[in-house]
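K.L.:
Dropping a structure here in structure tokens format, bear with me for questions.
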Amino acid sequence: MEQAAEWSLFCVDAGSAYCPCYLAESGECIACSLLRGEDFCQCSWSGTCSYLNQRWARGAVKSRQEEEVEVTRTELAPNLFCLELMLQAEMARELVNPGAFLLLRALELPPQAWVPVSVVEARGEKVRVVVYVDGPKTRFLVKPASRLAVKGPFYNGVQGLAILKRVRDGLGLIIAGGVGQSTAASVAGQLLRGGNQVRACLAPGRAGLNYAADLLRALGVEVNEVSSLRREGLATLSQWLKEEPEVVFSGGPDALHRGVARVLQEQGAAAPLVTSQNAVMCCGEGLCGSCVVLTAKRRRVPRCKAQYQSEGR
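Quick note on the working numbering: the sequence shown kicks off at 239 and runs consecutively.
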């Protein structure tokens with residue numbers, strides 16, 4: 239279990255249809271100190287009261303939808319596949335926001351085989367995701383079969399959602415590589431809805447393809463494609479920071495996040511850093527423990543549900 243700095247915590251599900259959740263019922267609510275057994279309310283108000291929601295629900299918890307869906311697979315590059323899913327409208331309309339992801343599983347596998355996959359694009363009931371095959375669970379997802387098990391919607395695929403939603407009429411930068419590109423389009427969409435100009439630097443990484451480039455260009459994003467974010471992308475970011483962007487998004491592995499944060503610090507940039515979520519997940523409900531980290535005060539934090547702000551970047 240990873241140990242982390244002390245954080246200011248916010249629950250991505252607080253105030254949603256999925257509040258209260260199983261953590262509230264178990265006395266481990268992220269949002270509500272009263273539900274954790276403390277004496278005083280110390281919540282960050284989200285527009286609704288998790289404590290009252292839990293009391294009114296009387297133990298009832300709304301579960302995420304799980305369904306079997308039709309899937310069409312397209313091989314984009316070696317070990318890289320685009321999966322097109324036909325979902326029920328209720329689930330699909332929740333997947334247009336940044337950070338939205340699904341859990342996918344081959345029907346023949348047990349529940350432990352759920353794989354979190356970020357949504358690349360959602361149009362009507364048609365949803366596209368991209369899967370890179372790097373283990374047995376993802377290999378089963380791309381085997382020839384007409385249907386997959388899908389569970390969702392989940393919302394915590396991006397850390398810093400509140401930042402994205404409040405940025406207006408400025409410049410937003412996207413630095414993304416590999417399968418981290420999957421979050422780029424929804425992040426760009428959110429920034430564009432805020433009247434921002436958006437610029438993106440993409441690299442293929444281990445995915446071997448800049449598969450988000452055409453989609454971003456279709457949205458009106460200025461896209462710069464490079465062969466390596468480490469060798470070229472961070473240098474590009476350094477140049478772009480001279481234009482004083484309002485926000486920088488890093489989509490990729492934690493090593494990329496650290497590199498982007500280092501450049502921001504070296505340049506003295508004031509722009510906040512928003513990142514893709516790389517926690518190992520299995521259930522998406524904070525129950526399985528696979529994504530749990532410990533704060534400095536030994537509090538257990540499930541990263542599948544927690545939005546956080548830590549000291550520094």
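Cβ coordinates follow ideal geometry from the N, Cα and C atoms, glycine included.
Looking at C-beta atoms only, is the number of pairs between the segment 427-441 and the segment 462-476 that lie closer than 8 Å three or more?
P.N.:
The segment 427-441 vs the segment 462-476: in contact.
K.L.:
Taking the alpha carbon of Arg-496 as the point to measure from, which residue in Trp-478, Leu-472 and Pro-483 has its own alpha carbon closest?
P.N.:
Per the Cα distances, Leu-472.
K.L.:
Which complete alpha helix (DSSP H) runs does the segment 418-480 hold, if anything under 4 residues is left out?
P.N.:
The qualifying runs are 422-431, 451-457 and 472-478.
K.L.:
Tell me the DSSP secondary structure of Gln-397 in three-state form.
P.N.:
Gln-397: strand per DSSP, three-state reduction.
K.L.:
Can you list, in chain order, the residues of its chain whose CB lies under 6 Å from that of Glu-322, leaving out five sequence neighbours each side?
P.N.:
Excluding sequence neighbours, Glu-322 sits near Thr-310 and Arg-366.
K.L.:
In whole angstroms, what separates the C-alpha of Val-334 from that of Ala-327?
P.N.:
So the alpha carbons of these two residues sit roughly 12 Å apart.
K.L.:
Could you check where the beta strand (DSSP E) with Leu-333 kicks off and where it finishes?
P.N.:
Looking at the DSSP string, Leu-333 is not in any beta strand (DSSP E), and its letter there is neither H nor E.
K.L.:
In angstroms, rounded to a whole number, what distance separates the CA positions of Trp-478 and Pro-382?
P.N.:
Their Cα atoms are separated by approximately 44 Å.
K.L.:
Just checking, does the segment 399-407 make contact with the segment 372-379 on the three C-beta pairs under 8 Å criterion?
P.N.:
No: the two stretches stay apart, fewer than three of their Cβ pairs being nearer than 8 Å.
K.L.:
What's the gap between the Cα of Leu-453 and the Cα of Ala-360?
P.N.:
Taking the straight line from one Cα to the other gives about 12 Å.
K.L.:
For Pro-258, count neighbouring Cβ atoms within 10 angstroms of its own Cβ and tell me buried if that reaches 16, exposed if not.
P.N.:
Buried: at least 16 other Cβ atoms inside 10 Å.
K.L.:
Check whether the segment 418-430 and the segment 524-539 are in contact - that is, three or more C-beta pairs closer than 8 Å.
P.N.:
Contact between the segment 418-430 and the segment 524-539 is absent, because fewer than three Cβ pairs lie under 8 Å.
K.L.:
Going by C-alpha to C-alpha distance, which of Leu-409, Ala-414, Val-357 and Tyr-370 sits closest to Tyr-393?
P.N.:
Taking only the C-alpha atoms, the option nearest Tyr-393 is Val-357.
K.L.:
Mapping the DSSP letters down to three states, classify Ser-528 as helix, strand or coil.
P.N.:
Ser-528 falls in the coil class under three-state DSSP.
K.L.:
Compute the Euclidean distance between the alpha carbons of Gln-428 and Gln-435, then round it to the nearest angstrom.
P.N.:
Roughly 11 Å separates the two Cα atoms.
K.L.:
If we call anything under 8 Å between Cβ atoms a contact, is Arg-390 one with Leu-341?
P.N.:
The sequence as given places Gly at residue 390; Arg does not occur at that position. Result yes, Cβ atoms of Gly-390 and Leu-341 sit closer than 8 Å.
K.L.:
Rounded to a whole number of angstroms, what is the C-alpha to C-alpha distance between Cys-281 and Cys-521?
P.N.:
Cα to Cα, Cys-281 sits roughly 25 Å from Cys-521.
K.L.:
Alpha carbon to alpha carbon, how far is Cys-320 from Glu-308? Give it in angstroms, no decimals.
P.N.:
Rounded to the nearest angstrom, the two C-alpha atoms are 14 Å apart.
K.L.:
Put Leu-411 into one of helix, strand or coil per three-state DSSP.
P.N.:
Strand, per DSSP.
K.L.:
Taking only three categories from DSSP, how would you classify Leu-272?
P.N.:
It is coil, neither helix nor strand.
K.L.:
By how many angstroms is the C-alpha of Leu-325 removed from the C-alpha of Gly-337?
P.N.:
Spanning the two alpha carbons is a distance of roughly 18 Å.
K.L.:
Using only the alpha-carbon positions, how far apart do Arg-551 and Ala-351 sit?
P.N.:
In this prediction, Arg-551 has a pLDDT of 44, which is less than 50 and means its spatial position is unreliable; what the coordinates show is noted afterwards. Cα-Cα distance, rounded: 33 Å.
K.L.:
Per DSSP, Arg-537 forms a beta bridge with which residues?
P.N.:
Note: Arg-537 sits in no beta bridge, so no partner.
K.L.:
Quick check: the Cα distance between Phe-339 and Val-355, rounded to an integer number of angstroms?
P.N.:
Cα to Cα, Phe-339 sits roughly 6 Å from Val-355.
K.L.:
May I ask which residues mark the beginning and end of the alpha helix (DSSP H) holding Tyr-260?
P.N.:
Element bounds for Tyr-260: 260-263.
K.L.:
Expressed to the nearest angstrom, what Euclidean distance is found between the alpha-carbon atoms of Cys-287 and Gly-253?
P.N.:
If I take the Cα positions, the gap works out to 7 Å.
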